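Peer 1: Numbering (my numbering), first residue to last: 45 to 257.
Ideal placement from N, C-alpha and C gives every residue a C-beta, glycine not left out.
If you're wondering where the values come from, they're calculated on a predicted model, not measured in any experiment.
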C-alpha cells in the first residue's frame, strides 16, 4: 500500500507540473498604450491653456498585439470663452511619423472628404466627445458610405520590442479660442496641442516577479 501511495503522489505531482507548463506556455506578452500626460501638461502650459482645456483619450489598461482602429477623444472647456476644434488642420501620425488629416466619425459617415469638415464648438464649462480616425484609413463602400478599412496603428509592431523599447504615435489638435466679448478675427487665438502616445511591450511574467526574465 505504501508503494501504491507513493506512485499516486508521483503521478499527481507530474500531472500538476504538466498542467502548469501548459498554462505558462499559453501565456503571452501584451502591450500598453499610454498618453504622455507630462508632455501634454507641458504643451498646455506653454500655450497658456492649463486649467482652460482638459484633454483625455479613452485607452484600455492593456492590449493584445492587435490593430487600434480609432481614438475616443474627450475635450473639456474650462475657460470663459468658446473653443473650436479645427479637424482639418488636426493630424494623426503613425509609428513611422507619417502625418494624416484627422476625420471625425459621424453617425452616417456619408462624408465628402474633398470638402472641409465643420468645426466643433465647445461652450464654456462643456465637453466634447468624439471618435476620430486618420483620413487614409477610410474606404468608400459601393453605397457611398465611408468605412474604416485600415488600422490607426497596429500593435503587432510592438511584439518584438525589447523590454525597455517603445513606439510612439501622436495626435496634433488645432484649437481656436475666441474672446468672449469680441467677434473680430484678430481676437481668435490658435493653439496646436500635441498629444503623444507611448506603446510598450509588457512581458507575460511582468506581474510574477519571481518568474521575470
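Considering only residues of the same chain and omitting the five flanking positions on each side of residue 72, which have a CB-CB separation below 6 angstroms?
Peer 2: Correct list, in chain order: 248.
Peer 1: Pick out whichever of 74, 105 and 135 has its Cα sitting closest to the Cα of residue 177.
Peer 2: Of the listed residues, the one whose Cα sits closest to residue 177 is 135.
Peer 1: If you pair each beta-carbon of the region 114 to 123 with each one of the region 198 to 209, do three or more pairs fall below 8 angstroms?
Peer 2: Verdict: no, contact absent.
Peer 1: Heavy atom of the ligand ADP less than 7 angstroms from the Cβ of residue 240, yes or no?
Peer 2: Because no ligand of any kind appears in the structure shown, any question about the ligand ADP cannot be addressed here.
Peer 1: Which runs of the beta strand (DSSP E) fall wholly inside the region 199 to 253 and span at least 3 residues, in chain order?
Peer 2: List check, beta strand (DSSP E) in window: 211 to 222 and 232 to 246.
Peer 1: Does the beta-carbon distance from residue 112 to residue 197 come in below 8 angstroms?
Peer 2: In this structure, residue 197 lies closer than 8 angstroms to residue 112 by Cβ.
Peer 1: Using beta-carbon positions only, say whether residue 237 and residue 110 come within less than 8 angstroms of one another.
Peer 2: No, they are not a contact pair.
Peer 1: Return the CA-CA distance between residue 240 and residue 211, expressed in angstroms with no decimal places.
Peer 2: Roughly 10 angstroms separates the two Cα atoms.
Peer 1: Taking buried to mean at least 16 other C-beta atoms within 10 Å of its own C-beta, is residue 243 buried or exposed?
Peer 2: Residue 243 should be labelled buried.
Peer 1: Residue 232: which of 127, 83 and 79 sits nearest, CA to CA?
Peer 2: Cα-wise, what sits closest to residue 232 is 127.
Peer 1: Could you pull out every residue in the same chain whose Cβ sits closer than 7 angstroms to the Cβ of residue 144, ignoring the five residues on either side in sequence?
Peer 2: Cβ neighbours of residue 144 beyond the five flanking positions: 135, 136, 178, 179 and 180.
Peer 1: In terms of residues, what are the limits of the alpha helix (DSSP H) holding residue 89?
Peer 2: Counting along the chain, the alpha helix (DSSP H) containing residue 89 begins and ends at 81 to 90.
Peer 1: Go ahead and label residue 125 buried or exposed: buried means 16 or more other beta carbons lie within 10 angstroms of its beta carbon, across all protein chains shown.
Peer 2: Buried.
Peer 1: With 16 as the cutoff for other CB atoms within 10 Å, does residue 245 come out buried or exposed?
Peer 2: With 16 or more Cβ atoms within 10 Å of its Cβ, residue 245 is classed as buried.
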